[in-house]
Every structure is written in structure tokens, then in C-alpha cells.
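Read the structure below first, then the notes.
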Amino acid sequence: MKKRMAAAAAVAAAVTGLVVSPAPAQAAYACQTGEVCIYEDVNLRGSVLIIYSGAHNFLPDWHFYNGNAANDAASSIINRSTTLTARITEDFDAQGKSLWVPPGEQLNLNGKGLVLADNSMSYISLTR
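Residue numbers (mature numbering (1 follows the signal peptide of the UniProt record, and there is no 0)): -27 to -1, 1 to 101.
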């Protein structure tokens, strides 16, 4: 009886360990042709917000794939559009410091040179 209980406890501990162990980190989303991808982390890592067209303020209902709010939370961007240039700004309605990201370009938002500061993007527009 004690052996059976010990075996059951060992199995329960093993199963619990499998359930409690966190999953390995997922690879970052690979931005596809035609998309402009905004990432939470530098070097195109972390959760992503994908834009295809238009002009958008990152209002409270705009989120990264993981559910985190997008406003003032972006750290990198890649423009995989073939024809559209992305304009990103620090403030809503294209106000504040601006930066243009042409097709095929990517960058980290680090505040160096003409680049917006990390976690400062509030607006994006895609235009020809």
C-alpha cells in the first residue's frame, strides 16, 4: 500500500511539474510581405501589431497580439509593404516628432539621431 501511494505521489509530482512548467518562449512573428509590423521589443521581438493600410491613432482599443496596449509601447518596426511608406509620430493625429519608414526598412526606436524614442509611438499612417 505504501509503495502504491509513493508511486502515485511520484506520478502526481511529475504531472504537476509538467503542468506548472512554463512553455518555452515563442519565436517572434515573422512579418509577411504587404504588412507593416510594430513590435513591443527591440530587434523585431515580442508581441506584434500588424498594419495594412490607413492612418491610425493608437487609442485604448489598439493592442499588440498579446493584449498589451500599443500606445507608447512600441520598440521596433519593419515595413514589409512593397509600395507604402509608414509615417510614425510621437503624438496622436500625426503630431510631434515624426519618422518615415520606407518599404523594406526596419529600425529600433531608440531616440538616437532622428529616430523616435523607445515607447513613444502613438500614430501611424501608410501612404504611397
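The beta-carbon is built from N, C-alpha and C at its ideal position, and this holds for glycine as well. Treat the numbers as computed from the prediction; the structure is a model and nothing was measured.
Considering just the uninterrupted stretch of the beta strand (DSSP E) at residue i, what are its terminal residues?
{"i": "Leu80", "result": "Gln79 to Asn81"}
{"i": "Tyr96", "result": "Tyr96 to Thr100"}
{"i": "Lys70", "result": "Gln68 to Val74"}
{"i": "Leu22", "result": "Arg18 to Ile24"}
{"i": "Val9", "result": "Val9 to Asp14"}
{"i": "Thr62", "result": "Thr58 to Asp64"}
Classify residue i as buried or exposed, calling it buried when 16 or more other Cβ atoms lie within 10 Å of its own Cβ.
{"i": "Asn41", "result": "exposed"}
{"i": "Thr62", "result": "buried"}
{"i": "Asn52", "result": "buried"}
{"i": "Ser54", "result": "buried"}
{"i": "Leu57", "result": "buried"}
{"i": "residue 165", "result": "As shown, the chain starts at -27 and ends at 101. That puts residue 165 outside it, with no answer to give."}
{"i": "Ser95", "result": "buried"}
{"i": "Leu32", "result": "exposed"}
{"i": "Glu78", "result": "exposed"}
{"i": "Ala28", "result": "exposed"}
{"i": "Ser98", "result": "buried"}
Write down the C-beta distance between residue i and residue j rounded to the nearest angstrom, noting that I regard them as a contact closer than 8 angstroms.
{"i": "Leu82", "j": "Val74", "result": "That pair is no contact at about 10 angstroms."}
{"i": "Ser48", "j": "Arg60", "result": "Not really, about 18 angstroms apart at Cβ, beyond 8 angstroms."}
{"i": "Ala3", "j": "Tyr12", "result": "The Cβ separation is near 11 angstroms, so there is no contact."}
{"i": "Asn16", "j": "Asp66", "result": "Not confirmed; about 29 angstroms, so no contact."}
Length-filtered (4 minimum) alpha helix (DSSP H) runs lying within the segment 28 to 53:
none
Pair every Cβ in the segment 16 to 29 with every Cβ in the segment 87 to 95, then say whether three or more of these pairs are closer than 8 angstroms.
no
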